[in-house]
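Asks: I am attaching a structure below and will ask some questions about it afterwards.
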Amino acid sequence: MQDTIPAHVGIIMDGNGRWAQKRGLVRTQGHLEGLKAAKRITKAASDLGIKYLTLYAFSTENWKRSSDEVSFIMNLIKQYLRSEMDFSIRNKIRTRFTGDFEGLPDSIKKEIADTIRDTADFEGMQVVLAINYGGRDEIIRAFRKYAANNAETTAEINENDFHMYLDNPDIPDPDLIIRSAGEYRTSNFLLWEGAYSELYISDKLWPDWEKCDLEIAIADFQKRDRRYGGIK
Ligand code: FPP
C-alpha cells in the first residue's frame with residue numbers, strides 16, 4: 664500500500680465512437696465530448712499533483728479512419744491547443760509532444776510548435792500530447808537517430824544510451840497507464856516507456872470520465888505492489 668500520487672500517468676482515451684453510437688449520434692460528436700473529458704481530466708490531474716500526463720490523442724494507425732474523421736480530430740486538437748492556453752497560463756502547464764511530428768499537416772505543426780514554445784518555461788504539470796504516435800514508430804525513429812550518431816559502434820547499443828534518443832528522454836517512465844472503454848490492450852502506446860507501468864482498465868467510455876474516475880484509478884494504483892521484476 665502506498666499513498667503516493669503517480670508522477671507520470673498515460674491515458675488511452677478510448678470509447679468516443681461507442682459513446683456517440685449509443686446515443687445515435689455521429690462518431691465525431693463522441694470526439695467532441697472526448698475533448699471535453701480531456702480538458703476535465705487535465706485539470707483534475709493538475710489539481711491532484713500529477714507531474715506528467717501523456718494523452719494518446721491520435722495514433723500512427725488512426726490515419727486508416729475516414730478522411731472526415733481524421734480532419735475532425737486534427738481540428739479538435741487545434742481547438743484544444745488554442746482553448747487551453749488561458750488554462751495553461753493560469754496553472755503553469757507546459758505542453759510537450761511525442762510522435763512523428765514531420766508526418767503531421769503543416770497547419771497543426773505550427774500550432775503545436777507555438778504552444779510548446781509559449782509554455783516552455785512553465786513549471787507546473789507537463790502535458791505530453793501523443794499525436795501521430797506509435798510506440799514502434801518512436802523506437803524506430805530513435806534507432807535511426809542513434810545509428811546516425813553512433814555509426815561505428817551501433818552493435819554496442821545499450822538501454823541507457825538508446826533511451827536518450829526517444830522523444831522525451833527527460834520524462835520519467837509512466838507509473839500508471841489508464842485505458843477507458845474496457846479493451847485489454849496497449850495499442851502501441853508507450854511500448855518502451857511502459858515496460859513496468861501499472862495498467863488500469865475501466866469500462867467507462869472516455870467522454871464520461873470525470874475527476875472521480877481518475878481518483879479511483881489512482882487509488883487502485885496505490886494498492887499495487889511494484890517489484891520491477893525483483894522480489895520484495
Ligand atoms: C478513441 O476513441 C479516440 C480517438 C482516436 C481520438 C481521441 C481524441 C480526442 C479525445 C480529442 C483530442 C484530445 C486532445 C487531448 C488533444 P474511438 O474513436 O476509437 O472510440 P471507439 O473505439 O468507441 O470507436
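Basically the numbering used here = 1-based index in the sequence shown + 663.
Just so it is clear, CB atoms sit at the ideal spot from N, CA and C, and this is done for glycine as well.
To the nearest angstrom, how far is it from the Cα of E732 to the Cα of G693?
Replies: Here residue 732 refers to the residue found at position 69 when the sequence shown is read from its first residue. Here residue 693 refers to the residue found at position 30 when the sequence shown is read from its first residue. Going from the Cα of E732 to the Cα of G693 covers about 11 Å.
Asks: Looking only at its chain, what residues have a beta carbon closer than 7 Å to the beta carbon of S729, apart from the 5 residues adjacent to it on each side?
Replies: Locating residue 729 in the sequence shown gives position 66, where the first residue counts as 1. Cβ neighbours of S729 beyond the five flanking positions: none.
Asks: Could you give the first and the last residue of the continuous beta strand (DSSP E) run that contains A720?
Replies: Counted from its first residue, the sequence shown places residue 720 at position 57. Looking at the DSSP string, the run of the beta strand (DSSP E) that includes A720 is Y715 to S722.
Asks: What do you get for S865, buried or exposed, if any count of 16 or more other CB atoms within 10 angstroms of its CB means buried?
Replies: Walking along the sequence shown from the start, residue 865 turns up at place 202. By the neighbour-count rule (16 or more Cβ atoms within 10 Å), S865 is buried.
Asks: Whose C-alpha, out of Y859, T782 and L698, is nearest the C-alpha of G893?
Replies: Counted from its first residue, the sequence shown places residue 893 at position 230. Nearest of Y859, T782 and L698 to G893, Cα basis: Y859.
Asks: Classify Q742 as buried or exposed, calling it buried when 16 or more other Cβ atoms lie within 10 Å of its own Cβ.
Replies: In the sequence shown, counting from the first residue as 1, residue 742 sits at position 79. It counts as exposed.
Asks: Please confirm whether any heavy atom of the ligand FPP lies closer than 6 Å to the CB of L739.
Replies: In the sequence shown, the residue the question calls residue 739 occupies position 76. Correct: L739 has its Cβ closer than 6 Å to the ligand FPP.
Asks: Is W869 closer than 7 Å to G673 when the C-beta atoms are compared?
Replies: One-based indexing of the sequence shown puts residue 673 at position 10. One-based indexing of the sequence shown puts residue 869 at position 206. Going by C-beta atoms, G673 is not nearer than 7 Å to W869.
Asks: Using only the heavy atoms of the ligand FPP, determine whether one of them is closer than 6 Å to the beta carbon of R681.
Replies: Taking the sequence shown and counting its residues from 1, one reaches residue 681 at position 18. Checking the Cβ of R681 against the ligand FPP gives yes.
Asks: In the structure shown, what three-state DSSP assignment does H671 receive?
Replies: Translated into the one-based positions of the sequence shown, residue 671 becomes position 8. Note: H671 maps to strand in three-state DSSP.
Asks: From M664 to L839, what does the alpha carbon distance come to, in whole angstroms?
Replies: On the sequence shown, residue 664 is found 1 positions in, with the first residue counted as 1. On the sequence shown, residue 839 is found 176 positions in, with the first residue counted as 1. Here the model assigns M664 a pLDDT of 45, short of 50, so the residue's position is not dependable, and the following value carries that caveat. Using only the alpha carbons, I get a separation of about 15 Å.
Asks: State the DSSP-derived secondary structure class of T645, mapped to helix, strand or coil.
Replies: Residue 645 lies beyond the stretch modelled for the chain, which goes from 664 to 895, so this question has no answer here.
Asks: What do you reckon, are the CB atoms on S843 and K867 nearer than 7 Å?
Replies: Working through the sequence shown from its first residue, we reach residue 843 at position 180. Working through the sequence shown from its first residue, we reach residue 867 at position 204. Yes; because the gap between Cβ atoms is below 7 Å, this pair is in contact.
Asks: By a C-beta neighbour count over all protein chains shown, 10 Å radius and 16 as the cutoff for buried, is F766 buried or exposed?
Replies: Position 103 of the sequence shown, counting from 1, holds the residue named residue 766. For clarity, residue 766 is Gly in the given sequence; the question names Phe instead. Its Cβ having fewer than 16 others within 10 Å, G766 is exposed.
Asks: Mind pulling the beta strand (DSSP E) runs of 3 or more residues that sit fully within the segment 697–776?
Replies: Scanning the segment 697–776 from its first residue to its last, the whole beta strand (DSSP E) runs of 3-plus residues come out as 715–722 and 757–761.
Asks: How about the segment 811–828 and the segment 698–717: do they share at least three Cβ pairs that are nearer than 8 Å?
Replies: As far as the Cβ criterion goes, the segment 811–828 does not touch the segment 698–717, which means the pair count is below three.
Asks: By DSSP's criteria, Q789 is part of a beta bridge. Which residues make up the other side?
Replies: Position 126 of the sequence shown, counted from the start, is the residue given in the question as residue 789. Answer is Y715 and R757.
Asks: Within 10 angstroms of its Cβ, does M737 collect 16 or more other Cβ (buried), or is it exposed?
Replies: By one-based count along the sequence shown, residue 737 stands at place 74. That one is buried.
Asks: Verify whether the separation of the beta carbon atoms of T723 and G797 is less than 7 Å.
Replies: Here residue 723 refers to the residue found at position 60 when the sequence shown is read from its first residue. Here residue 797 refers to the residue found at position 134 when the sequence shown is read from its first residue. Yes.
Asks: Check whether the Cβ of D677 lies closer than 6 Å to any heavy atom of the ligand FPP, and answer yes or no.
Replies: Reading the sequence shown from its first residue, position 14 is the one you call residue 677. Correct: D677 has its Cβ closer than 6 Å to the ligand FPP.
Asks: Which residues does DSSP list as the beta-bridge partners of E861?
Replies: On the sequence shown, position 198 is the one that residue 861 refers to. Paired residue(s): L839.
Asks: Check each candidate in A670, R703, R686 and T691 and name the one with the smallest Cα separation from D636.
Replies: This structure leaves residue 636 out entirely; the chain is present only between 664 and 895.
Asks: Among the candidates G687, N812 and N754, whose CA atom is the shortest distance from the CA of D784?
Replies: Numbered from 1 along the sequence shown, position 121 holds the residue referred to as residue 784. When each option's Cα is compared against that of D784, the closest is N754.
Asks: Is any heavy atom in the ligand FPP found nearer than 6 Å to the beta carbon of G673?
Replies: If you number the sequence shown from 1, residue 673 lands on position 10. Answer for G673: no, Cβ out of range of the ligand FPP.
Asks: Can A707 be considered in contact with the ligand FPP, in the sense that its beta carbon sits closer than 6 Å to one or more heavy atoms?
Replies: Position 44 of the sequence shown, counted from the start, is the residue given in the question as residue 707. The answer is no for A707.
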